[in-house]
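Some notes on the structure that comes next.
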Amino acid sequence: MTHVFPRHTRARPPRAARGDGAYIIDETGKRYLDGSGGAAVSCLGHSDPDVTQAIKDQADRIAFAHTGFFTSEPAERLADRLIAHAPQGIERVYFVSGGSEAVEAALKLARQYFLEKGEPSRTRFIARRQSYHGNTLGALGTGGNMWRREPFAPLMVETSHIAPCYEYRGREAGETPEDYGLRVADELEAELRRVGPETVIGFVAEPVVGATLGAVPSVPGYFRRIREICDRHGILLILDEVMCGMGRTGTLFACEQDGVRPDIVTIAKGLGAGYQPIGAMLCSGEIYAAIEGGSGFFQHGHTYIGHPVACAAADVVVEKLTTGGMTARAARMGEVLGEALTARFGQHPHIGDIRGRGMFRGLELVEDRESKTPFDPSRGINKRIKAAAFEAGLICYPMGGTIDGRQGDHVLLAPPFILTDDQVGELVDKLATALDVALA
Ligand code: PMP
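For the record, in the sequence shown the residue sitting at position 187 is 385 according to the numbering used here, with numbers rising by one throughout.
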């Protein structure tokens, strides 16, 4: 008997007892290869001595000093390090405790930016269907995961949703990827005209869609067109890199590969690598200047922003990702993983698409490859894969997404960047076993 309020009230998961590199070990001694880093969190594995040492050292010095009174050396160091590697034009970092908080801060900063500029009519956002931006009310409102939104729909911020850039299902026969990208990007233009651009604060999107689609990058040119449209109408481009950022796709920020410059970018998950709960919202110098030259105060804040221990841990993480070569390793091992998945599952009768970048890979399951027909949702394929993989000692992140109004299934893989060649083999073997069991 426990008084913990669990995620699922009828489930009894094992107790995680220890971490060992890419493995989690439960109370009974069973080892699980962490093929999804939880949910794309544990980029450095579960036993990095440098990160834990930094946590101990900082806790010994000072664990907490409220940002209403103090700044701290770890927060300043981490902000400087992030900005040194951030997309062009991004100049300031606002620390929070996780992904949803980072998105909330982004939405509120974007709104306040326009208030400071004397444009109060901007009150709504445009985002994409089949996206996830977090579970707090603002983030849930911009997200396009209808199943999660529905019960809370009356409480949402006003957001309209356009199509995601989802080549596997969206590109028409005879259409080039580039033409497809421009066609779906132009939905933003059409939606802006429909609602009136002067009412819109910004466009929110994940550069590589994580939880709701399963590691779906955009096609070349898509985000450049999105940027042009945002600029033409004076709206902000807010990129949510909570899942795909921090080296996960093989570059520190995923948007580097799309050649696009955001006005605001959110990060979390890999930033603390699971060692500490931390996220951040990074904004352009122009947005910061509007606040600085206006009210001088971002009307937001949480008790734990800029927590010194969390920042000290994240600073070591980002150091490893950048000068320590871990992002380059994610790019290299990501290729190994991608090739291993294609070799093993490229001809699988029920795997319609294998996609992703770096250590962020997705497999989409279908009843029929030719017609791309998804499995009947009543079969609960993604839940069965999760259970069979767990049984086989593999943590992966299968989800159901809505495809053309129907539920589809995919598996998301986001392993630690420290994975070895042998562990890639183990991951693929265990996944194959799980698929056999789940699809039988
Ligand atoms: N944005 C994206 C893209 C995410 O994947 C997530 C978490 N899955 C969030 C925001 C929310 O982050 P958190 O769960 O840390 O609040």
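We treat Cβ as the ideally placed atom computed from N, Cα and C, and that holds for glycine.
- Within 10 angstroms of the beta-carbon of L561 lie 16 or more other beta-carbons, which makes it buried.
- For the pair I324 and I360, the Cα-to-Cα distance works out to about 7 Å.
- Of the residues assessed, R290 falls on the buried side of the cut-off, its CB having 16 or more other CB atoms within 10 angstroms.
- Distance from the C-beta of V301 to the nearest heavy atom of the ligand PMP is below 7 Å.
- By the Cβ neighbour-count rule, V382 is buried, with 16 or more other Cβ atoms within 10 Å of its own.
- Distances from the CB of D438 to the heavy atoms of the ligand PMP include at least one below 7 Å.
- Excluding the 5 residues flanking it on each side, R322 has same chain C-beta neighbours closer than 8 Å at V355, E356, T357, S358, V393, T397, V398 and I399, in chain order.
- Every alpha helix (DSSP H) of 4 residues or more that sits fully in the stretch 388 to 467 is shown, in chain order, as 420 to 431.
- Its Cα nearest to that of Q328, the residue A409 stands out among L469, E484, A409 and A512.
- With respect to the 8 Å criterion, R542 and A630 are classified as neighbours on the basis of their beta carbons.
- Beta bridge pairing from DSSP links I552 with L561.
- By alpha-carbon distance to L469, the top candidate from G243, E484, D218 and L390 is G243.
- V564 and P506 have their C-alpha atoms spaced approximately 46 Å apart.
- The nearest non-hydrogen atom of the ligand PMP is less than 7 Å from the C-beta of S298.
- Per DSSP, A587 is not a residue of any beta strand (DSSP E); the alpha helix (DSSP H) it occupies stretches across I579 to E589.
- N333 has its Cβ nearer than 7 Å to a heavy atom of the ligand PMP.
- Within the same chain, no residue comes within 8 Å of G316 by CB-CB distance, once the 5 residues on both sides are set aside.
- Distances taken from the Cβ of A325 to the heavy atoms of the ligand PMP include none shorter than 7 Å.
- Relative to the ligand PMP, even the nearest heavy atom lies 7 Å or more away from the CB of G598.
- Around the beta-carbon of Q256, 16 or more other beta-carbon atoms lie within 10 Å, marking it buried.
- Assignment of V635 by DSSP, reduced to helix, strand and coil, places it in the helix class.
- Of the residues assessed, P211 falls on the exposed side of the cut-off, its CB having fewer than 16 other CB atoms within 10 angstroms.
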